[in-house]
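A.B. asks: Counting along the sequence shown from 1, when you hit position 91 you're at 96 in the numbering used here, and nothing is skipped either side.
Ideal Cβ positions, reconstructed from N, Cα and C, are used throughout, including at glycine.
For clarity, every value in this text was computed on a predicted model and none was experimentally measured.
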Amino acid sequence: MIEFLNTISSKALKVVDENISLKEYTPISISSENKTLASFDVSSSSEWESFLDEYLKSKKAKVAFGGYIEERDIYKRSAYFNTNDEEERNIHLGLDLWCNAGTNVLSVLDGEIHSFKNNLNHGDYGPTIIVKHAVEQKEFYSLYGHLSVESLDHIKVGQRVKQGEVIATLGKSEVNGDYAPHLHFQLIIDIENYEGDYPGVTSKKDLDFYKRNCPNPNLLLKLPNEI
């Protein structure tokens with residue numbers, strides 16, 4: 006499936022504002038190993054937003070991206086990712102695109118709305134849309150998390166969407182799970198029984214399964230210099 010996804014498009018596919026040039030994208034790491042994150046309170050969405058604003062300015066960019074299979078400390082702030090009866094979930098399964106609230110979110114390929122939901126746990130996705138794709142008789146799904154509440158107002162299950170069509174906008178921290186504004190974009194082969202939700206973070210114990218079921222979104226986005 007990885008080879009197939011990589012051959013779907015020879016050009017980079019976009020999932021945020023079509024008018025932002027790829028030259029205005031810059032990679033970023035928010036892994037546990039990035040010592041610059043110790044300079045502010047990572048549990049504060051407002052401090053994250055200030056950090057990212059400065060980072061983007063320093064890179065003369067509008068979108069910072071990265072994070073696939075990245076081990077992160079940010080999830081320690083939420084009991085949703087850490088319970089007493091399971092190994093800590095702190096390995097990120099999607100690719101994040103950090104940019105302004107209100108930014109248009111685009112369907113990566115033709116498809117149909119599989120499901121949508123407002124996931125309200127602290128540190129969760131907030132408003133989320135999942136699109137089902139069928140390419141050359143192969144089915145898979147794309148997940149768009151941390152959206153605005155309004156993004157869920159006028160869509161319905163089974164609704165057809167086109168590649169590059171605006172399907173949502175990014176939400177503010179008050180509604181997106183308490184993060185600086187960004188899109189969590191994830192590919193999923195087998196959606197299992199989930200609707201409007203799918204794990205976006207895993208433990209080391211389950212990593213092998215999720216790496217197979219959630220391949221690197223950059224197979225489609227083809228962003229350069231991903232960290």
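1) How long is the line joining the alpha carbons of L111 and K167, rounded to whole angstroms?
2) Spatial neighbours of Q191 within its chain, please: CB distance less than 8 Å, with the 5 preceding and 5 following residues excluded, ordered by chain position.
3) Check this for me: beta carbons of L152 and L10, under 8 Å apart or not?
4) On the three-pair Cβ rule with 8 Å, is the stretch 44–59 touching the stretch 24–31?
5) Spell out the partners DSSP gives G131 in its beta bridges.
6) Would a C-beta distance cut-off of 8 Å place E75 and I33 closer than the cut-off?
7) Name the two residues that bound the continuous alpha helix (DSSP H) containing Y203.
8) Helix, strand or coil: which one does DSSP assign to R165?
9) Measuring only the C-alpha atoms, how far is E155 from I118?
10) Taking N109 and T174 to be in contact with their CB atoms under 8 Å, please state how far apart those CB atoms are, rounded to whole angstroms.
11) Which residues in the same chain as I196 place their Cβ atom closer than 6 Å to its Cβ, once the five residues preceding and following it in sequence are excluded?
12) Using CA coordinates, which residue listed in Q164, E93, V68 and D78 is at the minimum distance from A43?
C.D. replies: Taking the geometry as given:
1) Your numbering for residue 111 matches position 106 in the sequence shown. Your numbering for residue 167 matches position 162 in the sequence shown. Looking at the backbone, the Cα of L111 and that of K167 are separated by about 9 Å.
2) For the purposes of this step, residue 191 is identified with residue 186 of the sequence shown, where counting begins at 1. Within the same chain, Q191 has close Cβ partners L98, G99, L100, S147, L148, G150, Y203, G205, C219 and P222.
3) To locate residue 152, count along the sequence shown from 1; it is residue 147. To locate residue 10, count along the sequence shown from 1; it is residue 5. No; because the gap between Cβ atoms is not below 8 Å, this pair is not in contact.
4) no
5) Walking along the sequence shown from the start, residue 131 turns up at place 126. Note: G131 sits in a beta bridge opposite N124.
6) Sequence index remark: in the sequence shown, residue 75 carries index 70 (1-based). Sequence index remark: in the sequence shown, residue 33 carries index 28 (1-based). Taking 8 Å as the Cβ cut-off, E75 and I33 do not qualify as a contacting pair.
7) Position 198 of the sequence shown, counted from the first residue, corresponds to residue 203. Looking at the DSSP string, Y203 is not in any alpha helix (DSSP H), and its letter there is neither H nor E.
8) For this step, residue 165 is matched to residue 160 along the sequence shown. Looking at R165 - three-state DSSP - the assignment turns out to be strand.
9) Numbered from its first residue, the sequence shown carries residue 155 at position 150. Numbered from its first residue, the sequence shown carries residue 118 at position 113. Going by the C-alpha atoms only, they are around 16 Å apart.
10) Residue mapping note: residue 109 aligns to position 104 of the sequence shown, counting from 1. Residue mapping note: residue 174 aligns to position 169 of the sequence shown, counting from 1. N109 to T174, Cβ: 6 Å. Contact.
11) For this step, residue 196 is matched to residue 191 along the sequence shown. So the qualifying residues of the chain are Y146.
12) Position 38 of the sequence shown, counting from 1, holds the residue named residue 43. Ranking the options by Cα distance to A43, first place goes to D78.
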